[in-house]
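Protein chains in written order, with my numbering: chain D, 227 to 364; chain E, 292 to 503.
Glycine residues also receive a C-beta, built at the ideal position from the N, C-alpha and C atoms.
Have a look at the structure below before the remarks.
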Amino acid sequence: MTSHREQHDVSAFERQSREAFDDSVVQLDAATLSRLNQSRQRALAAARGRSPLAQRWWTWAPAGAIAAAALVAVLLVRAPSAPESVATRVTDTPGATVDATLDPLTVLAAGDDLELATEADLDFYAWVELETAGDGVT
Amino acid sequence: MLGLASLQASAAGQCLPGARHDEEDGLEAANLRELDRFLAGVERRAFRIARLALRDADDAHDVVQGAMLRLAQNYAGRPAAEWRPLFFRILYNGIRDLQRRHGVRRRFLGWLPGAGRDGDDAEDVFEQVPDPGPEPLQQLTAAETMRQLEQALRSLPARQLEAFSLRCLEGLDVAATAVAMGCSEGSVKTHYFRALQALRIEMDGARAEEQA
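Shown next, in the form of structure tokens:
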């Protein structure tokens, strides 16, 4: 594509200019050449020192995403679908009539059910006992 | 050719995002040797071209070093045939950046004593003792021509100077020059033609003055 000496039609002026320029390039002093050489070595060191892993991070990104997805899938498959409920354990025993849907989480979530009987309730139960004692109800 | 359209697109900035994506992982020794050869072949001419544009040896060194680094870091994995126009495009981006910075500095600090000193006062490496090369008389003529040319180049607008440097002095063809300059081939031809005209007039005038 690009040759140093182009094949285009060069005029005398262009030829003369180029020759003068080439001569000036040849005459560069040693200090300049040394400095240019140092710059070149620095550039080559930079090209040499590139880390292939860092350079190709974009190829590792999909692999990382796939690995993460696989890990999540394994965790989901191996985890129990629902926590084992206390009620389920209780219903294993014959004759038990406990609500099978009850599990510790449900019980804890239903805060109202955990309230102990209040003093008013105790009075009510005492009254019921008195009222039914005469009726022969036990 | 080279896939100049892709080159145009990829070389649109100084350092292009994703430029490394095309590269192989790690540069092989052969590729590094090729890069070394390329840089060694181009560094002196690049320095002279940068110095013509910046008129300061230190600035020229900085720009050439930056271009080398950028090429090595971002484009070393690309085909070697693409390096030359890419390198000169990076080089001229650096030159323009530096000229812009100098312009801003001059604008804001120009009133300070001594701030007006520019690269024109820097020591000219071509006035130093030359290496053994051409015959003394021929060398004198070439040096004189170069001195006149440098003088004339200072009168050129930046884009014409770029076109002349890349096309005539560096010897890039029109397509590669267009890649390096980041413009169309038609623009390259226009800039180059105008540069040649202006330089001829300028140098003829200078010679006539010297003879008189």
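- request: Find out if the Cβ-Cβ distance for the pair ARG336 (chain E), VAL251 (chain D) is shorter than 8 Å.
  value: The Cβ-Cβ distance between ARG336 (chain E) and VAL251 (chain D) falls below 8 Å.
field: ARG244 (chain D) in three-state terms, based on DSSP
entry: Note: ARG244 (chain D) maps to helix in three-state DSSP.
- prompt: Is the distance from the Cβ of LEU466 (chain E) to the Cβ of GLU476 (chain E) below 8 Å?
  reply: First, the amino acid is wrong: residue 466 (chain E) is Ala here, not Leu. Yes, the Cβ-Cβ distance between ALA466 (chain E) and GLU476 (chain E) is below 8 Å.
- prompt: Got a sec: is the Cβ-Cβ distance from GLN364 (chain E) to anything in chain D below 8 Å?
  reply: Interface flag for GLN364 (chain E) against chain D is set, since a Cβ pair is found closer than 8 Å.
message: So the candidates are E:ALA348, E:LEU343, E:ARG346, E:LEU377; which of them puts its Cα closest to the Cα of LEU330 (chain E)?
response: When each option's Cα is compared against that of LEU330 (chain E), the closest is E:LEU377.
task: Using the Cα positions of ALA344 (chain E) and ARG445 (chain E), report the straight-line distance between them to the nearest angstrom.
output: The alpha-carbon atoms of ALA344 (chain E) and ARG445 (chain E) are separated by roughly 8 Å.
task: Count the CB pairs spanning the stretch 375-390 of chain E and the stretch 486-501 of chain E that are closer than 8 Å, and state whether there are at least three.
output: Cβ pair count under 8 Å is below three, so no.
message: Counting only C-beta atoms, is ALA497 (chain E) closer than 8 Å to chain D at any point?
response: Nearest CB-CB separation between ALA497 (chain E) and chain D: not below the 8 Å threshold.
query: Are the C-beta of SER250 (chain D) and some C-beta of chain E separated by less than 8 Å?
result: Judged by the 8 Å Cβ criterion, SER250 (chain D) is in contact with chain E.
message: Strictly below 8 Å CB to CB, what residues from chain E border LEU302 (chain D)?
response: None at all; the shortest Cβ gap to chain E is about 35 Å.
- prompt: Does the beta carbon of ALA287 (chain D) come closer than 8 Å to any beta carbon on chain E?
  reply: Any Cβ of chain E closer than 8 Å to the Cβ of ALA287 (chain D) would place that residue at the interface, and such an atom is absent.
field: Euclidean distance between Cα positions of ARG508 (chain E) and GLY275 (chain D)
entry: Residue coverage of chain E in this structure runs from 292 to 503, which leaves residue 508 (chain E) outside it and unanswerable.
- prompt: Quick one, which of E:ASP347, E:LEU400, E:ARG397, E:GLU461 has its alpha-carbon nearest ARG375 (chain E)'s?
  reply: When each option's Cα is compared against that of ARG375 (chain E), the closest is E:GLU461.
task: Taking only the alpha-carbon atoms, compute the straight-line gap between ASP353 (chain E) and ALA257 (chain D) and give it to the nearest angstrom.
output: Approximately 15 Å, taken between the alpha carbons.
message: Closer than 8 Å between beta carbons: that is the criterion. Which residues of the stretch 318-336 of chain E meet it against chain D?
response: Against chain D - using a Cβ distance shorter than 8 Å - the residues of the stretch 318-336 of chain E are LEU318, LEU323, LEU326, ASP327, LEU330, ALA331, GLU334, ARG335, ARG336.
- prompt: Taking C-beta to C-beta, are LEU362 (chain E) and LEU270 (chain D) nearer than 8 Å?
  reply: No, these two residues do not count as a Cβ contact at 8 Å.
field: Residue closest to PRO370 (chain E), alpha-carbon to alpha-carbon, out of E:VAL333, E:VAL395, E:GLU325, E:PHE379
entry: Of the listed residues, the one whose Cα sits closest to PRO370 (chain E) is E:GLU325.
field: First through last residue of the alpha helix (DSSP H) which encompasses TYR366 (chain E)
entry: Unbroken run through TYR366 (chain E): none, as it is neither H nor E.
task: Just tell me which of E:ALA433, E:MET494, E:ALA321, E:GLU319 has its CA closest to the CA of LEU447 (chain E).
output: Looking from the CA of LEU447 (chain E), the closest CA among E:ALA433, E:MET494, E:ALA321, E:GLU319 belongs to E:MET494.
task: Return the Cβ separation of MET359 (chain E) and ARG266 (chain D) in integer angstroms, given the expectation that the two are a contact with Cβ distance under 8 Å.
output: Yes, they are in contact, since the Cβ atoms of MET359 (chain E) and ARG266 (chain D) sit about 6 Å apart, within 8 Å.
query: Less than 8 Å separating the beta-carbons of VAL355 (chain E) and GLU334 (chain E)?
result: Yes.
- prompt: LEU362 (chain E) lies in the alpha helix (DSSP H); which residues open and close that run?
  reply: Counted as a single uninterrupted DSSP element, the stretch harbouring LEU362 (chain E) is not any alpha helix (DSSP H), since DSSP gives it neither H nor E.
message: Can you look up ASP495 (chain E) in the DSSP assignment and give me helix, strand or coil?
response: Three-state DSSP puts ASP495 (chain E) in a helix.
field: Simplified DSSP assignment, three categories, for ASP347 (chain E)
entry: ASP347 (chain E): coil per DSSP, three-state reduction.
query: Taking the alpha carbon of LEU253 (chain D) as the point to measure from, which residue in E:ALA471, E:SER478, E:ARG380, E:MET437 has its own alpha carbon closest?
result: Note that residue 253 (chain D) is Gln in the sequence shown, not Leu. It is E:MET437.
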